[in-house]
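Each remark here refers to the structure printed beneath this line.
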């Protein structure tokens, strides 16, 4: 968000000062901007749309038809659960004042206390700011759904997501955007390459390894039941992502405009690159390939979207198209883990590539916003941000899963898995097209 | 009466139906089926994972025919369903003990 956490702190402090000294000369800094507010209201809508139904459709089309509803149920339920927890305490945990622990976690704002119609966060109402952030808090756990598709217990999933939001997402968001240590050090993560994608990616990898492979994987064919749904979902992700990236400027201005432009350029470049690589490697271009390439580009440009220019966008697009192509088609087979819908391959690897390249392409030499300390130093910070996230998220995710597995068990029974989660866990069928009468 | 069961290429359905209509056969049942014989399946690829899909889509035609009309029906089906390629399908005959028209309760050849 808005370049660095320390800048956010300054704005928050300004807003706080306003209450005490209404005649201060800085008053105009914290005035409500109708343009900014209108755009941020819209951005929030776009990002929520990315989860429901964008991600829900994207994933639904990729699983087998007996599980098509289960992934949609998971996305929808996560949206609801995260909203409740966010409202009760998680917003404060991510963006509140952590007092002595502020470098690592926020606090306060229980039940959004202190939030009124007139509360401001910079030039937009704080209600809108927290809503926007909420949509990020929703989609990050929803991404992980892809790793445990077709075999996780619904109740265990709900517990996992609630605890993960609290112990992993909120702190990491705080580190980068809420005034915590990574943002303060100068790690660049404009819209969540680390907070969202690397975070969800490593959690997904850990989860799918702990959960184990699906029955019959990898010998049994498990083709997507409807790539039509997947393409529709991927397209919604592309469109919604403009809210995700351009909205992260928290204003309707030139930076937001550039963020939209580079987001679009990187995505198209990554999709086309993936298509060409697959065409050369396999002999035919595929629909699943081109849309996956697009998502990889969207992921990779995310941390860079506020600070790179068109040249950087093209570079990030090509790099993510190539790297994620090989991550998805080789890594899983090589190591034998069942990351069913390639969350780590696309979001983990894509986020990593994007986070690192942000340190390179932000340099003014590439048309970026410019680096204070040079590429080398910035790269070091980017690596730190990625490493801290990988280690923290990976370890805490593992602990949460081990405890949950011991207490309630996280995997469905083999019978439930064979029958399909839609019927076994929800007593429903996704499609009743060919049933009798 | 005989049950004539034909497994044919889906693309030949219209031709077979028209030919049967021309020789006076106006009732039959069609089902979507999958299977394989000498025709091999195909390969599908999803994000680098290759799958051999063994079963090929076919259509199954079922019709019950009076004994004296069986040979022209079988010939008609075979001639109109043939493309000359492996995968054209097969025709099977089995005996039917009895048939009944539900609306009128007619039996025997009158039910066909």
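Protein chains in written order, with my numbering: chain Y, 8 to 444; chain S, 16 to 127. No residue lacks a Cβ here, since even glycine has one placed at the ideal position from N, Cα and C.
Residue environment, residue i, which counts as buried when at least 16 other CB atoms sit within 10 Å
i	result
residue 413 of chain Y	exposed
residue 127 of chain Y	buried
residue 437 of chain Y	buried
residue 27 of chain S	buried
residue 359 of chain Y	buried
residue 460 of chain Y	Absent from the structure is residue 460 of chain Y, since the part of chain Y shown begins at 8 and ends at 444.
residue 48 of chain S	exposed
residue 181 of chain Y	buried
residue 63 of chain S	buried
residue 331 of chain Y	buried
residue 299 of chain Y	buried
residue 82 of chain Y	buried
residue 112 of chain S	exposed
residue 334 of chain Y	buried
residue 87 of chain Y	exposed
residue 439 of chain Y	exposed
residue 246 of chain Y	exposed
residue 445 of chain Y	Here chain Y comprises residues numbered 8 to 444, so residue 445 of chain Y is not present and cannot be evaluated.
residue 167 of chain Y	buried
residue 108 of chain S	exposed
residue 69 of chain S	exposed
Cross-chain neighbours of residue i in chain Y, by beta carbon under 8 Å
i	result
residue 59 of chain S	228, 230
Neighbourhood of residue i by C-beta distance below 7 Å, restricted to the same chain and skipping five residues each side
i	result
residue 115 of chain Y	99, 103, 104
residue 94 of chain Y	118, 119
residue 74 of chain Y	156, 157, 427, 428, 429
residue 314 of chain Y	195, 197, 365, 369, 375, 376
residue 256 of chain Y	9, 262, 263, 266, 313
residue 125 of chain Y	none
residue 293 of chain Y	285
residue 67 of chain S	56, 58
One or two residues paired with residue i in a DSSP bridge
i	result
residue 131 of chain Y	Y:128
residue 65 of chain S	S:60
residue 369 of chain Y	Per DSSP, none; premise fails for residue 369 of chain Y.
residue 73 of chain S	S:48
residue 138 of chain Y	Answer is none; residue 138 of chain Y lacks a bridge partner.
residue 115 of chain S	S:122
residue 79 of chain S	S:18
residue 159 of chain Y	Y:418
residue 23 of chain S	S:74, S:104
Contact list for residue i against chain Y, beta-carbon separation under 9 Å
i	result
residue 68 of chain S	228, 230
Run of the beta strand (DSSP E) containing residue i, from where it starts to where it stops
i	result
residue 108 of chain S	104-110
Opening and closing residue of the alpha helix (DSSP H) in which residue i lies
i	result
residue 56 of chain Y	41-56
residue 332 of chain Y	317-333
residue 49 of chain S	Premise fails: residue 49 of chain S lies in the beta strand (DSSP E), 44-50, not in any alpha helix (DSSP H).
residue 16 of chain S	Looking at the DSSP string, residue 16 of chain S is not in any alpha helix (DSSP H), and its letter there is neither H nor E.
residue 271 of chain Y	261-289
residue 96 of chain Y	From DSSP, residue 96 of chain Y is part of no alpha helix (DSSP H); its letter is neither H nor E.
residue 307 of chain Y	294-308
residue 225 of chain Y	First-last for residue 225 of chain Y: undefined, no H or E at that position.
residue 66 of chain Y	63-69
residue 432 of chain Y	428-433
residue 100 of chain S	No alpha helix (DSSP H) holds residue 100 of chain S; DSSP gives it neither H nor E.
residue 38 of chain Y	Note, residue 38 of chain Y: premise wrong, no alpha helix (DSSP H); not H, not E.
residue 183 of chain Y	177-184
residue 190 of chain Y	188-192
residue 252 of chain Y	234-253
Contacts around residue i, its chain only, beta-carbon distance under 6 Å, and the 5 residues preceding and following it disregarded
i	result
residue 445 of chain Y	Summary: the structure shown does not reach residue 445 of chain Y, with chain Y confined to residues 8 through 444, and so no result is reported for it.
residue 316 of chain Y	374, 375
residue 435 of chain Y	76, 429
residue 236 of chain Y	64, 67, 68
Residues near residue i by beta carbon distance below 8 Å, same chain, minus five either side
i	result
residue 209 of chain Y	351, 355, 396, 397, 400, 401, 404
residue 321 of chain Y	272, 273, 276
residue 44 of chain S	76, 77, 78
Where residue i meets chain S, residues with beta-carbon distance less than 8 Å
i	result
residue 299 of chain Y	62
residue 295 of chain Y	61, 62
residue 349 of chain Y	62
Neighbouring residues, chain S, relative to residue i (Cβ below 7 Å)
i	result
residue 335 of chain Y	62, 63
residue 289 of chain Y	60
8 Å Cβ cutoff, residue i in contact with chain B
i	result
residue 408 of chain Y	Considering every chain present, this structure includes no chain B. Its protein chains are Y and S.
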